[in-house]
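First the structure, in the form of structure tokens, and then the observations on it.
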Amino acid sequence: MSKPNPTDLKYTNEHEWAKDNGDGTVTMGITDHAQHLLTDIVYVELPALGKQVVQGKQAAVVESVKSVSDVYAAVSGEVIEANTALEGSPETVNQDAFVAGWIMKIKMSAPAELGNLMDAAAYDAFIAESH
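In the UniProt record's numbering, the protein residues as written are 1 to 131.
What follows is the structure in structure tokens.
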């Protein structure tokens, strides 16, 4: 069973989460629901530092024993950090999708885009509807 979705995060309809760090940056990754769908994650292709990402467009790749899935940027901006710990331990995403399994940090170019994302209650409803 998936862990509860933290209420301090925002969510996309592609199952990414974004945490507003309060300094013009967001930390993002895939949701616990997404990692359950993917099953055992064996590789995370991290974005290059300095990469410009666009909300809703592919920013990274997660590979599991079942499939290869794109990770879409929750907001537009510049990748300022990538979780290099995942290179050696991609299973961290399965174990702790919302904390240790974060994928990238983005310096937002359009902070208002956070308003396009769902809160935890809306995301919970979205998941329920898609089953």
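Glycine is no exception: its CB is placed at the ideal position from the N, C-alpha and C atoms.
Asked: Between the stretch 48 to 55 and the stretch 85 to 94, do at least 3 Cβ pairs fall closer than 8 Å?; Found: no
Asked: Return the Cβ separation of isoleucine 106 and valine 62 in integer angstroms, given the expectation that the two are a contact with Cβ distance under 8 Å.; Found: Between valine 62 and isoleucine 106 the Cβ distance is about 17 Å, and since that is not below 8 Å, they are no contact.
Asked: Alpha carbons only, please: which of Thr25, His15, Ser130 and Val42 is nearest the one belonging to serine 76?; Found: Thr25
Asked: Using three-state DSSP, classify glycine 88 as helix, strand or coil.; Found: helix
Asked: Which two residues bound the contiguous alpha helix (DSSP H) that contains glutamine 35?; Found: 32 to 38
Asked: Whose C-beta lies closer than 7 Å to the C-beta of threonine 27 among residues of the same chain, with five residues either side of it excluded?; Found: Lys19, Asn21, Trp102 and Lys105
Asked: What is the rounded straight-line gap between the Cα of proline 111 and the Cα of alanine 121?; Found: 21 Å
Asked: Relative to the C-alpha of alanine 73, which residue among Pro4, Leu46, Ala128 and Asp32 is closest?; Found: Leu46
Asked: The beta strand (DSSP E) spanning alanine 125 covers which residue range?; Found: Looking at the DSSP string, alanine 125 is not in any beta strand (DSSP E); the run it does join, the alpha helix (DSSP H), is 120 to 129.
Asked: Of the residues Tyr11, Gln58, Thr7 and Ala82, which one's Cα is nearest the Cα of glycine 115?; Found: Tyr11
Asked: My understanding is that aspartate 124 touches asparagine 5, with C-beta atoms under 8 Å, so please give their C-beta distance in whole angstroms.; Found: 6 Å
Asked: Is the beta carbon of glutamate 16 closer than 8 Å to that of valine 79?; Found: no
Asked: Which residue's Cα is closest to the Cα of leucine 117: Val42, Gln55, Ile41 and Leu38?; Found: Gln55
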